[in-house]
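If you count by our numbering, then the sequence shown holds residues 120 to 785, one letter each, in order.
Just so you know, even glycine gets a beta-carbon here, dropped at the ideal spot from N, CA and C.
The structure under discussion appears below in the form of structure tokens.
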Amino acid sequence: MLPFTVFPTAIHFLLFSAPLRCVPLRRRPQARTAGFSIPIRSLEGVRITHQPSPWIADYGTLVFMPQKKRIRFDENRWSGYRPEDAVMTPSYMKLRFLKSRSTLEITPAERGGALRVRFDDENNNWFSVLPFRDFCRYEYKPEENTLYAVATNCGDDKAVNFRMYCVVKFSAGQISADENIVGTDDSSSVANNVQGDMTGIHLKVKGNSVDAFISTSYISFEQAKENLRQDTEGKTFDDIKLGAEELWESYLSKVEIEAYDENQMKTFYSCMYRAFLYPHKCYEINERGEKVHYAPSSGKVLPGVRYTDNGFWDTYRTCYPFYSLVAREEYKEMCRAFVNDYLECGWLPRWPSIGERGCMPSTLVDAVLCDAAVKGLMDKETMELALEGMLKHANINSSDDDYGRSGAESYVKHGFVPLEVHKESVNLTLDAAYGDWCIAEIASLLGKEDIAEEYRKRGKNYKNLFDKETGFMRARHEDGSFREGFNPVSWGLDYTEGSAWQNSFAVPHDMEGLSVLYGGREKLLEKIDELFNTPPVYDDGGYGCEIHEMTEMAAADFGQCAISNQPSFHLPYIYSELGDVDKTSYWVEKMCKEVFSFENDGFPGDEDNGSMALWYVFSSIGIYPFCPGKNEFVRTKKLVKSVKILGKEFDSDSFTGNKISYGDII
């Protein structure tokens with residue numbers, strides 16, 4: 120678990136970074152992007168980060184670090200620290216840099232934060248602001264006691280003219296006016312301004328104290344200063360820290376539990392913390408009180424809200440149904456933001472991280488928008504625009520593979536995505552059928568019954584891949600024949616991050632229809648029994664090598680249910696969906712107890728933007744959103760003593776039957 124210090128869903132995180140040279144070689148690619156590793160007792164500063172995943176490059180990053188005597192710009196500046204002495208909470212971070220004999224404290228605000236450094240003595244102390252990668256620009260203005268910095272690093276070439284503007288306002292008299300050093304380790308000089316690739320600035324500290332307020336903006340320095348005013352005017356470090364503590368308390372107490380033991384309590388609220396980290400707000404409030412945002416598709420500043428850093432392939436399953444219970448106003452705003460992306464670039468988002476990354480398949484934003492619509496969390500105008508965007512990507516191929524549904528036109532023509540058209544064609548087809556059902560639900564809410572009827576029929580297209588002989592969903596050629604040489608434990612090729620076992624049951628909107636293909640509910644339940652009883656073996660198949668999801672499935676050891684990855688999240692809940700709550704309860708309790716904890720290795724696989732954390736939260740309180748887009752949750756035995764949701768007592772065990780309506784919870 121990364122120890123981010125941050126406001127819930129704020130514009131950025133604050134995270135301390137481990138030096139790359141201290142990371143074992145086999146882990147360096149991930150460590151350099153993730154920036155933190157528990158076994159490492161060294162760090163190279165505190166980073167402003169927006170990174171949503173270790174697999175996605177960070178953007179808009181700067182690093183702060185106190186240094187002493189021999190100062191460096193590159194990663195060789197790293198210093199030892201004692202993790203056992205560090206304080207790391209969502210609202211406050213305190214670190215002791217052993218090399219510079221200094222203590223750094225930092226606390227977050229909406230678009231910045233407050234920082235203070237105390238050196239042990241007054242001799243040769245420096246406060247460094249450093250690049251993470253790429254071009255940076257710095258200017259220190261002594262008359263304002265303010266550093267202006269620009270970071271341009273952006274892992275997404277679709278983000279036009281991207282800049283992160285940073286303003287650091289120091290207390291008067293703490294920073295020298297004429298002794299500061301700029302540049303790189305190869306070329307440096309005494310100056311107050313510099314620009315270039317991988318350049319930084321060392322600010323000479325007059326005495327032993329640094330007190331500063333920090334603010335960032337994607338729009339301009341002027342907006343960064345306005346953000347600074349909004350976040351810090353009339354406040355001290357301790358005021359900001361108290362505000363962050365109170366805000367986190369309000370978010371974490373949206374669901375209150377009485378746990379059976381301390382470990383369960385810690386695990387639950389560690390997961391609750393993860394629930395509110397993403398998506399990141401990507402809008403700002405100007406001096407007129409208007410919400411505005413940098414639009415990466417054009418580089419312009421446009422009116423309205425925007426959110427980013429979210430992979431819908433992961434998060435639609437648990438995150439947004441959770442927000443529908445405890446963060447309804449935020450969910451409404453997020454949906455409007457996703458529609459704004461459609462208005463600005465012509466496509467609904469798929470995996471936005473400042474710009475569109477498109478790094479996972481399908482358009483599962485369909486489920487996010489549908490779930491909000493059926494729960495009354497989207498106004499008519501937003502629904503109309505959402506439907507327009509959904510209909511576009513359901514029927515038209517994008518010229519850019521990062522947008523829309525891959526193989527959309529072939530899917531419309533054949534009723535499935537042929538294997539010749541695109542890899543992972545089974546998942547693309549099943550996701551498209553679910554997305555079509557989501558379209559039908561929104562169209563029906565808008566009174567467009569002709570569209571609703573058409574897309575309800577398209578929502579049955581999953582049937583076109585069912586092979587009765589093997590009992591699995593299989594890829595088809597354009598002529599309708601199945602791919603030869605089927606192996607149900609072979610990963611990849613036609614399937615996404617799994618095999619036929621993990622991916623053949625991804626029909627959340629029509630489990631009744633799926634059960635008919637198997638010959639009835641009992642036959643489908645027997646197939647799910649077989650899934651859990653089949654050893655977690657695998658072939659690397661289309662991947663050509665073992666990927667970490669294979670390793671994690673075998674380590675978790677729940678048969679072919681890879682609870683370590685999102686496609687398996689609903690598998691233990693199929694029992695409850697089909698009426699067997701007890702069997703769901705057995706598997707869910709076993710999983711929660713065996714592979715989740717508050718420790719550093721507390722998740723069975725990639726946590727992914729809160730999605731896995733919220734699988735645990737839902738499972739603990741006794742409900743699960745089996746099909747986002749339906750006004751219901753399936754039931755399981757609650758694993759805690761008692762639950763309150765927004766202050767209201769809730770006991771899933773008091774309900775009979777296998778489902779609980781949304782209205783009965785809120």
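One thing to note: Tyr743 has its Cβ within 9 angstroms of the Cβ of His689. If you compare the alpha carbons of Ala268, Arg196 and Gly418 with that of Val279, the shortest gap goes to Gly418. Checking the DSSP bridge columns, you'll see His541 has no partner listed.
Residues Pro398 and Tyr426 of the same chain have their beta carbon placed closer than 7 angstroms to that of Met453, with the five preceding and five following residues left out of the count. Asp276 is the residue among Asp276, Val736 and Ala552 whose C-alpha sits nearest the C-alpha of Gly474. When only Cα atoms are considered, Lys757 and Arg282 end up about 47 angstroms apart. DSSP, reduced to helix, strand and coil, places Asp428 outside both helices and strands of the structure shown, so it counts as coil.
Non-local C-beta neighbours of Tyr662 in its own chain, meaning closer than 7 angstroms and more than five positions away in sequence, comprise Trp610 and Gly611, ordered along the chain. DSSP places Gly661 in the helix class (H, G or I) of the three-state scheme. Here Ser472 is buried. Its C-beta has 16 or more other C-beta atoms within 10 Å. Cα atoms of Leu396 and Ala233: separation of roughly 19 angstroms, rounded to the nearest angstrom. Looking at Pro173, Leu644 and Val329, the one whose alpha-carbon comes closest to that of Tyr692 is Leu644. A residue is called buried once 16 or more other Cβ atoms fall within 10 Å of its Cβ, and Gly164 is buried on that count. Taking the Cα positions, Ser739 is about 18 angstroms away from Gly724.
Residue state for Trp245 is assigned as strand, using DSSP reduced to three classes. Inclusion of Leu421 and Met502 in the CB contact set at 9 angstroms is not warranted, their separation being larger than that value. Nearest C-alpha to Tyr379 among Phe769, Gly782, Val762 and Phe774: Val762. The three-state reading of DSSP puts Glu229 in coil, since its state is none of H, G, I, E or B. Around the beta-carbon of Cys438, 16 or more other beta-carbon atoms lie within 10 Å, marking it buried. DSSP, reduced to helix, strand and coil, places Gly698 outside both helices and strands of the structure shown, so it counts as coil. Residue range Phe356 to Leu371 is occupied by the alpha helix (DSSP H) that includes Leu371. Setting aside the 5 residues that flank it on each side, Ser210 is surrounded in the same chain by Thr124, Thr226, Pro227, Lys360, Ala363, Glu364, Leu366 and Trp367, each with a C-beta closer than 8 angstroms to its C-beta; the list follows chain order.
By the CB criterion at 9 angstroms, Tyr553 and Tyr581 fall inside the cutoff. Less than 9 angstroms separates the beta-carbon of Ala594 from that of Asp613. The straight-line gap separating the alpha-carbon atoms of Gly465 and Asn516 is approximately 12 angstroms.
Beta-bridge pairing by DSSP links Lys187 to Asn244.
With respect to the C-alpha of Glu572, the residue from Asn514, Lys579, Leu584 and Ala559 having the closest C-alpha is Ala559.
Put simply, the region 663–670 does not touch the region 704–719. Fewer than three CB pairs are less than 8 angstroms apart.
Buried is the label assigned to Glu543, since at least 16 other Cβ atoms lie within 10 Å of its Cβ. Scanning Glu375, Thr615, Asp555 and Ala343 for the CA closest to the CA of Cys478 turns up Thr615.
Taking 9 angstroms as the cut-off, the Cβ atoms of Phe216 and Ser198 count as close. Collapsing the DSSP output to three states places Glu573 in a helix. Measuring C-alpha to C-alpha distances from Gly302 to each of Phe289, Gln293 and Ile320 identifies Ile320 as the nearest.
Per DSSP, Cys273 lies in no alpha helix (DSSP H) segment and is marked neither H nor E.
With respect to the 9 angstroms criterion, Ser704 and Asp658 are not classified as neighbours on the basis of their beta carbons. Among the bridge pairs identified by DSSP, Thr208 is matched with Tyr211.
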